[in-house]
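Data first, discussion second: the structure below is written as C-alpha cells.
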Amino acid sequence: MFKTAITRPWICSRCIRRQTPIRWKHTAPALREFGGSFTAGGDAPGAVHDDKTLRKIFDSAKFWNDFTQSSKTGQNGGNVGLFQNRYLTSPEGFMEFANASLRKAKKLVTRVLHAKSVAEYHDVVRNLDGLSDLLCRVIDISDFVRSTHPNPAIQAAATHAHSVMFEYMNVLNTTTELEKQLNIAMSHKDVPWGEQEKTVAEILRNDFRKSAHDLPKAQRERFISLSQEISHVGTSFVDSMAPSKEYLTFRSSQLKGMDPMFVRQFTQWGRVSLPTVGDAATLALRSVQDPDVRKEIFMASRTSSRSTVHKLQTLLQKRAELAKLTGYSSYAEMTLQDKMAGGPEMTRTFLYGLNEQNSENLESQLEILRQEKKKASHYPEDIAGLEPWDKEYYMAKVLAKSRSNQRTPDFLSAYFSLGTVMQGLSRLFSRLYGIRFVPHETRPGETWDSDVRRLDVISDTDGHVAVLYCDLFSRPGKSPNPAHFTLRCSRLIRDEEIQEAHLDQNPLFSSPEEAANDGMSISKTLPAGGVMQLPTIALICDFKTPRDINKPSLLSFSEVSTLFHEMGHAIHSILGRTDFQEVSGTRCATDLSELPSILMESFASDPTVLSLFARHYETDEPLPYEMVAEKLAMDKKFDGIDTDNQIILSLLDQECHSAAAADASFDTTKLYHDLQAKYSRQPTDPPGTSWQGFFGHLFGYGGSYYSYIFDNVLARRVWQVVFLAGRQGGSISRDRGERLKENLLKWGGARDPWLCLSTLLEDERLLTGSDGTKNGMKLVGQWGIKGKKEQK
1 MFKTAITRPW ICSRCIRRQT PIRWKHTAPA LREFGGSFTA GGDAPGAVHD
51 DKTLRKIFDS AKFWNDFTQS SKTGQNGGNV GLFQNRYLTS PEGFMEFANA
101 SLRKAKKLVT RVLHAKSVAE YHDVVRNLDG LSDLLCRVID ISDFVRSTHP
151 NPAIQAAATH AHSVMFEYMN VLNTTTELEK QLNIAMSHKD VPWGEQEKTV
201 AEILRNDFRK SAHDLPKAQR ERFISLSQEI SHVGTSFVDS MAPSKEYLTF
251 RSSQLKGMDP MFVRQFTQWG RVSLPTVGDA ATLALRSVQD PDVRKEIFMA
301 SRTSSRSTVH KLQTLLQKRA ELAKLTGYSS YAEMTLQDKM AGGPEMTRTF
351 LYGLNEQNSE NLESQLEILR QEKKKASHYP EDIAGLEPWD KEYYMAKVLA
401 KSRSNQRTPD FLSAYFSLGT VMQGLSRLFS RLYGIRFVPH ETRPGETWDS
451 DVRRLDVISD TDGHVAVLYC DLFSRPGKSP NPAHFTLRCS RLIRDEEIQE
501 AHLDQNPLFS SPEEAANDGM SISKTLPAGG VMQLPTIALI CDFKTPRDIN
551 KPSLLSFSEV STLFHEMGHA IHSILGRTDF QEVSGTRCAT DLSELPSILM
601 ESFASDPTVL SLFARHYETD EPLPYEMVAE KLAMDKKFDG IDTDNQIILS
651 LLDQECHSAA AADASFDTTK LYHDLQAKYS RQPTDPPGTS WQGFFGHLFG
701 YGGSYYSYIF DNVLARRVWQ VVFLAGRQGG SISRDRGERL KENLLKWGGA
751 RDPWLCLSTL LEDERLLTGS DGTKNGMKLV GQWGIKGKKE QK
C-alpha cells in the first residue's frame, strides 16, 4: 500500500537516452555582460536584480564564489543540516531522523486503528496520508543522498536509515487492520470528504488490494515472498544483462569507414577486438562500409546471453504468478487498472491506432533509406531490400548529407550559456505562471557539494512556493544521468500537527512550525490555519565545467532540451501543491507524468521563447532561428522510424506482462520476432537474435512502457491546441499558461486525468460514450505524433 515517490531516472525515456555526457565541446571565452532587452517578467527592481544574479551564479565561477562567501559572512550558528533538515548535520543524524519519524508514524497508526467516531473516521485518510509522508520524508531523502553525496560515511548512514524505514513500510503493508479501517471510513455515510480526500482514499484502497491484504495468511506470505523474489531477479536481470559474445575480432582493414583514431583504441597486434554493445558497436553499424561485417556486428549486438534471457523469463513468470495470486488475469492488468489506460486492452487500442497513424510517415522514411542504398551501389538493379544492418548505416549517410557545411556541430552552443538558459526558464515561467527563480544563499551543511546552487521559487501571488537545488555541473564520480528528485512533497501541515510539535519542545528547532517540517521550507501561515510544507526538488545534470573560471559553460541544443525537459518535471512538482502528499506534483498516473516534461521540449525550440534569452555569449547577438530550424529538421528526419521502434517495444512490454507469461512454454525471443513481423514495416531481426534480453525497462516499467510515447502524443496535442504551437505569442501567454496550470498541473494526481485533459483541450470526446477510457485511448492513438494533416 505505502510507496515512495517515483524517481525520474527510471520513468523518463527521453532522459535515459541522454545518459552519455558530451565532453568534447569547445570551452567558451570570457563571459560578456548580458545586455539583452528582455526583462525578468516584472518591473520591480528586485526582480531585475534577481534575474541578473541568476545568470551570473551559473556563468561566472568568480561571481559564484563571491556570492557564497558573502552568504557565509555574518551568519550565526553552525551546520543547519542537508536541505536545512536539522537532523542531518552528521552521519548519526540520519538515524535520529528515522527514529523521530518512526515515533510520529506509530502515533498515526494507533489513531487510525483506534478510530471509532465520525470525526476520527473523517481523519483516517489524512492520517494515512501523513503516515505515507513520514515514510517518504526519510526514504526519498536517504535514497537521494546515498546515490549522490560524496562522503562514504553519509552514504552509509543514509542507506541504513533507508533500510530501517523501508522495513517498517513493509510491516505496514502487511497490517490488514489499516485497510479495514479505511474501508469503514469510505463506507461511512456521515463522513464528509472533499474531492482530494476521496481521490486519496481510492488510491490507498487500490494499493491495499495490490498488497494482497484480503488473502488468507499463507497466500499473503507467498505474496511477500514473490515480491522479494521479483525485486531480486529483476535487479539481477538489469545489472547483469550481457551479450552472448562480448567481443568480435576483425582486421583493421575490415572496419573501413570507421574513424581510424577510434579503431586504434581497440587494436592490438593488427587485430581489432570490437565490443558488441555500446558506443563502439553503434559507431561501427553507422560507418563500416562492408555489409557482411555490419551484419556480423548487428547479429552480435542483438543477441543477449542465455543467462540474461533466462532471468527475464523468470521475472515475467513470477510477475504473472503474483498477479494471479491477487486476483488479476495478468500483471499488465494489475499495473494498469489505476492508470489512464485502464487496462491492457485499451493500451493496445492506443498502440494499434498510433501504428496506423505512423505508417505513412514510416514508409516514406524507409523509402529514403532504400533509395540511398541504391545510390551507393555500383549495380543498383541487383540490390535487395533494406537489411536490418543497413538501417543505421544509411540513416547516418542521409543525415551527413543534410547537415550544413557552413557551421561546426557546436556552433549553436555559443548562444546557450548555462546561466542564460536558466535565466530564460525563469523568464518563461514568469510569463506563463507568474513564478520566477531567485538565487538564495546556502547555509553551512545545506548542500552536498559546493557547486550546488539553491533557487527559491517565488510566486507573484503566493510568495515562496518551492525550493530547487541545482546540481548541474560534472565532477568525478557523479552519475551522468539527468534526473529530477522530489525530496519533499507538498502537503498541508495542520494546526494540530504544529501544536504537537510545540508540546514536543525539540531543541533542534526554533519554532513548532519549523519542527513540524524537520526544519525544511514551509509557507507562511495560511488564512484557514496551518502551513504548507513546500516542494523541495533536486535537479541533476552533468554539464561540462569550464577550466577557466572566467568562462561560462556552453550547452549543446540537446543539453538545452534536456534541461527544459527536467524542468518540466520540476514545474509539475512546484505547481501541483496539493493538501495531500499522496497526490502532489508528479505523484500522478504514470502515463500522465511525462506530459509536462515532454511539453517543455516544444518551448525549448520555440522562436519566441528562445528570443527571451538565447544570445551569443561574446557578441550579445540574438540567435538566428534558422540554425535551430535546421537542427530540428535533422532530428525529425527519421522520427517515424523512432516511433515505430517505440510502438514495438511498448507492445513487447504488454505481451511480456500478459496472461501468456504464466505458461511454461512462454518464449520472449519468439514473441519479439513475431511482434516485429506483424506490426512493423522495418526489416526484422534475423533468427538467432534475442534483443529483448537487453530491454531493461521491462523490469522498471512492468506493463507501462507505453507511457512515454503516449505522453508524447498528448504533449504535442497540448502544444498545438493550448499554446497554438507558439503562434500568436501563445508560447509566452499568461492566459494559456494559466489554462494549463488550472486544468492540469495544479491537480497533481488529485483529479481524474481524463477530466483534466478534456477540460484543458476543451474536447468532450475524451470523456463521452459508455467507455470513456477506451474512447480516449483510441482517440489519442488517432492523433499520432506526426501526420500530413492535423487530426480533428
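Residue numbers (UniProt numbering): 1 to 792. Don't be surprised by glycine CBs; every beta carbon is placed ideally from N, CA and C.
In the displayed model, aspartate 620 falls within coil according to three-state DSSP, outside both helix and strand.
Contact annotation: methionine 422 and cysteine 470 have beta-carbon atoms nearer than 9 Å. Assigned with DSSP and collapsed to three states, leucine 652 falls in helix. Ranked by Cα distance from alanine 516, the first of Ile224, Ser602 and Glu496 is Glu496.
For glycine 700, the enclosing alpha helix (DSSP H) starts and ends at 697 to 700.
Taking 8 Å as the upper bound for CB-CB distance, tyrosine 672 and leucine 652 are in contact here, some 6 Å apart.
If you draw a straight line from the Cα of serine 758 to the Cα of leucine 336, it is about 20 Å long.
Straight-line spacing of the CA atoms in aspartate 66 and glutamate 618 works out to 23 Å.
In this structure leucine 412 does not touch serine 602 by the C-beta definition: roughly 17 Å separates them, more than the 8 Å allowed. Within the same chain, Cβ atoms closer than 7 Å to the Cβ of leucine 599 are found at Gly568, Ala715, Val718 and Trp719, the five residues on either side in sequence being excluded. In the three-state scheme derived from DSSP, where H, G and I count as helix and E and B as strand, cysteine 489 is classed as coil. For tyrosine 469, no alpha helix (DSSP H) encloses it; the enclosing beta strand (DSSP E) starts and ends at 463 to 473. Its Cα nearest to that of methionine 186, the residue Arg126 stands out among Pro512, Arg126, Lys104 and Lys774.
Rounded to whole angstroms, the Cβ separation of alanine 300 and proline 243 is 6 Å, and the two are in contact under 8 Å. Secondary structure remark: continuous alpha helix (DSSP H) runs of at least 4 residues inside the segment 491 to 522, in chain order: 495 to 504 and 512 to 516. Glutamine 313 and histidine 122 have their alpha carbons spaced roughly 46 Å apart. Separation of phenylalanine 237 and lysine 311 (C-alpha to C-alpha, rounded to the nearest whole angstrom) is 6 Å. Within the model, the alpha-carbon separation for lysine 524 versus glutamine 533 is close to 10 Å. Counting along the chain, glutamine 533 sits inside the beta strand (DSSP E) bounded by residues 531 to 533. For arginine 348, the CB contacts under 8 Å within the same chain, skipping 5 residues up- and downstream, are Leu651 and Gln654 in chain order.
Between phenylalanine 437 and aspartate 50, the gap from beta carbon to beta carbon is short of 9 Å.
In the DSSP assignment, phenylalanine 437 falls within the unbroken beta strand (DSSP E) covering 435 to 440. If you draw a 10 Å sphere on the C-beta of asparagine 173, you find 16 or more other C-beta atoms in it, and that means buried. Counting the other CB atoms within 10 Å of its CB gives methionine 395 a total of 16 or more, which places it among the buried residues. Residue pairing by DSSP puts alanine 483 in a beta bridge opposite Ile540.
In this structure, DSSP gives methionine 600 a helical state, which the three-state scheme calls helix. In its chain, beyond the 5 residues on either side, Leu274, Thr276, Glu296, Ile297 and Ala300 have a beta carbon closer than 7 Å to the beta carbon of leucine 248. Counting C-beta pairs closer than 8 Å gives fewer than three between the segment 619 to 626 and the segment 220 to 240, which falls short of the contact rule.
Bounds of the alpha helix (DSSP H) holding leucine 182 are 176 to 187. Residues of the same chain with a CB within less than 7 Å of the CB of threonine 486, apart from the 5 flanking positions on each side, are Ala5, Asp140, Pro535, Ile537, Ser573, Gly585 and Thr586 in chain order. Annotation: glutamate 360 to lysine 678 spans about 16 Å, alpha carbon to alpha carbon. The beta carbon of histidine 213 sits closer than 7 Å to the beta carbons of Thr176 and Glu179 from its chain, once the five residues preceding and following it are set aside; these are given in chain order. Between aspartate 711 and aspartate 606, the CB-CB gap reaches or exceeds 9 Å. The three-state secondary structure of methionine 241, taken from DSSP, is coil. Looking from the CA of aspartate 518, the closest CA among Gly529, Ile498 and Pro527 belongs to Ile498. Annotation for aspartate 456: no alpha helix (DSSP H) segment contains it, though the beta strand (DSSP E) segment containing it runs 453 to 459.
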